[in-house]
Structure formats: structure tokens, C-alpha cells
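> This structure is in C-alpha cells; I'll ask about it shortly.
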Amino acid sequence: MAIKIIDCHIENCGTGISTDGSVQIDISGTKIIGCKKAIEHRDPPGALQSLGLPENTPPNLLVEALEVLLKTQEQGPEKSAEAVSKTRLFEWLGGISNATSILANLVALQQSGFVQKLLSMLPK
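Number 127 marks the last residue of the sequence shown (this note's numbering); no jumps.
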């Protein structure tokens, strides 16, 4: 999919233009002024795949699990893993063969400090 933005004026907003990673953007003659972020090109499907999650993973379940990771960050990786494994995300995943890998990937994401970044890319 492609989006053309021509001769627009975007001013005083949080994010001027936000699209997912599969969208091609063609922008010309456009001014983005006083925004916290001019252009956000996010890629949740790539993020889901890198965590080992199925493409049809409900974003709200991932958001819930990521919020648990944020809340348990100071408690260490073992406590975080235990708390995240009890979220609705893992209930939804059921007993899929790579659930342990997904859990390890989520905790590694927490340990690297990228949970907030991923949360900002997902729909609220």
C-alpha cells in the first residue's frame, strides 16, 4: 500500500504522520512544525515475528503482557517471567511449542530496555 501526502501543513501535535511498516509514504511540499514526532514508521508485524508470536496475535494481549513486564522490571527476570506467563497472552497462546521461547524473548526485551519502545508502536 502507498500513501501520497502533498502540500500538507501539520502543526502542534504529538505525531504528525504515523503508519505501519508495510506502508510506502510519498511526501512532498509538506511542513510538519511543533510536533513531538514528525513521522513515525512503525513495524508491529516484524516485532511480533521477532518475538516468535503468531501474526494473528491480538495486540491488546501483547500490550497487557508488556505492561506487566514494565511493572515487574525491578523484581528481576525470574519474577517477570512468572508474572508474564500468567497473562491472557499466554492463555491465548495455549500450549504452543515455542511458548517458552516467546517468554524468553519477552524477558530479554525487558532486560534490554525496549519494552516501552515496542509499546509505543502498538495500537492502544
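Glycine included, every Cβ here is placed at the ideal spot set by N, Cα and C.
Quick caveat, the model's predicted, so the values are computed rather than measured.
1) Taking buried to mean at least 16 other C-beta atoms within 10 Å of its own C-beta, is Leu96 buried or exposed?
2) Whole angstroms are fine: how far does the CA of Ile30 sit from the CA of Lys7?
3) According to DSSP, Ile42 sits in a beta bridge with which residue or residues?
4) With H, G and I counted as helix, E and B as strand and the rest as coil, what does DSSP make of Ile157?
5) DSSP on Glu81, reduced to helix/strand/coil?
6) Buried or exposed for Ala5, please, with buried defined as at least 16 other CB atoms from any protein chain shown within 10 angstroms of its CB.
7) Counting only the same chain and skipping the five closest in sequence on each side, list residues whose C-beta sits under 8 Å from that of Ser104.
8) Exposed or buried, what is Gly37 when buried is set at 16 or more other beta-carbons lying within 10 Å of its beta-carbon?
9) What is the C-beta distance between Thr18 and Glu43, in whole angstroms, given that I count them as a contact (C-beta under 8 Å)?
10) Just to confirm before moving on: does the CB-CB distance between Thr60 and Leu73 stay below 8 Å?
11) Skipping 5 residues on each side, what residues in its chain have a beta carbon closer than 7 Å to that of Thr22?
By the coordinates alone:
1) With 16 or more other Cβ atoms inside 10 Å of its own Cβ, Leu96 counts as buried.
2) Roughly 6 Å between the two C-alpha positions.
3) Per DSSP, Ile20.
4) Here the chain has residues from 4 to 127 only, and residue 157 is not among them.
5) Three-state DSSP puts Glu81 in a helix.
6) Ala5 should be labelled exposed.
7) Hits under 8 Å: Gly55.
8) Of the residues assessed, Gly37 falls on the exposed side of the cut-off, its CB having fewer than 16 other CB atoms within 10 angstroms.
9) Confirmed, about 5 Å.
10) Between Thr60 and Leu73, the C-beta gap is not smaller than 8 Å, which leaves the two residues out of contact.
11) Ile6, Ile28 and His44, listed in sequence order.
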